[in-house]
Amino acid sequence: MAEPNYSADEMMTIAAARLLKNNMVCFVGIGLPSAASNLARLTHAPDIVLIYESGTIGTKPDVLPLSIGDGELSATADTVVSVPEMFRYWLQGGRIDIGFLGAAQIDRFANINTTVIGPYAKPKVRLPGAGGAPEIAGSAGEVFIVLRQGARTFVETLDFITSAGHLDGGDARKRAGLKGKGPSVVITDLGVLKPHPETRELELVALHPGNTKEQAIAVTGWKLRIANTLETTPPPTQAELETLRALHARTARAHGNAAA
């Protein structure tokens, strides 16, 4: 069988981008979520409204931002509001359709860790931290999560719960008083997972081309649920690949080594 003309990261980013629809209001995290969101804007969802934590609304960056404070975001935004207004009026006010987040670790109920690896007092690695992720996870209409699937990322127990997914499952979010629906999909380099409608435990529902359920099971820190009908993600189109690669190329030229 011929080797695919795309990487696992490209497949993951494109699969994530396809989930975003035109005219959605999307609160975007830096990194993979930003790449996927801007790819959607540059392809099938030109009227998507991208919002970043620094207060930029309707931003249309030509290159991917290095951080929420990147001038590219404010320079290309429809408007910029204060951070308190962004969170109190837009996010907590129920005006955000999708919160798009990354993670360092995720558990079976899509709770995520972006704080520390190892004990909090003496961590092996100190991560970027919470930022606005806990509020996004708690208040956005629903949450999309994108991250690479591996034994160090898909863990039985998080080292630290930064942002609530479905807590301990079932109706735990409702009982905790969280407004949004929580994570509705997790996109990885191997496939797509969604919460079971009752237990809210993540279930593998689709595989990207060339991957197997055995691969996914082997790199998951808990006994992974598999959907009765396992779908296959359509491979990237040439247009999607060209647009994504052009976006990364512009970003590399603009930011050099920092873009990596």
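To convert, count from 1 in the sequence shown and add 353; that's the numbering used here.
Glycine included, every Cβ here is placed at the ideal spot set by N, Cα and C.
Everything numeric in this text was worked out from a predicted model, so none of it was measured.
Within the same chain, F462, H519, G522 and G523 come within 7 Å of R553 by CB-CB distance, once the 5 residues on both sides are set aside. Between the alpha carbons of T429 and E567 lies a distance of about 44 Å.
Its chain contains Q502, G503, A504, F507 and L543 as the residues whose beta carbon lies nearer than 8 Å to that of V572, once the 5 sequence neighbours on both sides are disregarded; these appear in chain order.
One thing to note: A493 has its Cβ no nearer than 8 Å to the Cβ of T467. If only complete runs of 3 or more residues are kept, the region 377-416 shows the beta strand (DSSP E) at 378-381 and 402-404, in order along the chain. Relative to the Cα of K576, the nearest Cα in the group K534, E595 and E556 belongs to E556. When DSSP states are grouped into helix, strand and coil, L557 belongs to the strand group. One alpha carbon belongs to M364, the other to H561, and they sit about 7 Å apart.
Taking 8 Å as the upper bound for CB-CB distance, V434 and G452 are not in contact here, some 17 Å apart. By the neighbour-count criterion, in which a residue is buried when 16 or more other Cβ atoms sit within 10 angstroms of its Cβ, P414 is buried.
Counting along the chain, the unbroken alpha helix (DSSP H) around K566 starts and ends at K566 to A571. Each of S537, K547, L511 and G491 was checked against the Cα of R528, and the nearest Cα belongs to G491. For G563 and A525, the gap between their C-alpha atoms comes out near 36 Å. Between the C-alpha atoms of G382 and L444 there is a straight-line separation of about 14 Å.
Here the alpha carbon of R479 sits roughly 11 Å from the alpha carbon of A457. Taking the C-beta atoms as reference points, I459 is found nearer than 8 Å to I498. In this model, R603 and N391 are separated by some 13 Å (Cα to Cα).
DSSP places T585 in the strand class (E or B) of the three-state scheme. Put simply, the backbone Cα of T582 is about 13 Å away from that of V545. A distance below 7 Å between beta-carbons, with the five flanking residues on each side excluded, links A368 to the following residues of its chain, in chain order: I540, V545, H561 and T586.
A direct Cα-to-Cα measurement between K374 and D512 gives close to 34 Å. Annotation: the continuous beta strand (DSSP E) that includes G452 extends over I451 to L454. In this structure, P548 is the residue among P548, S427 and G424 with its C-alpha nearest to the C-alpha of S537.
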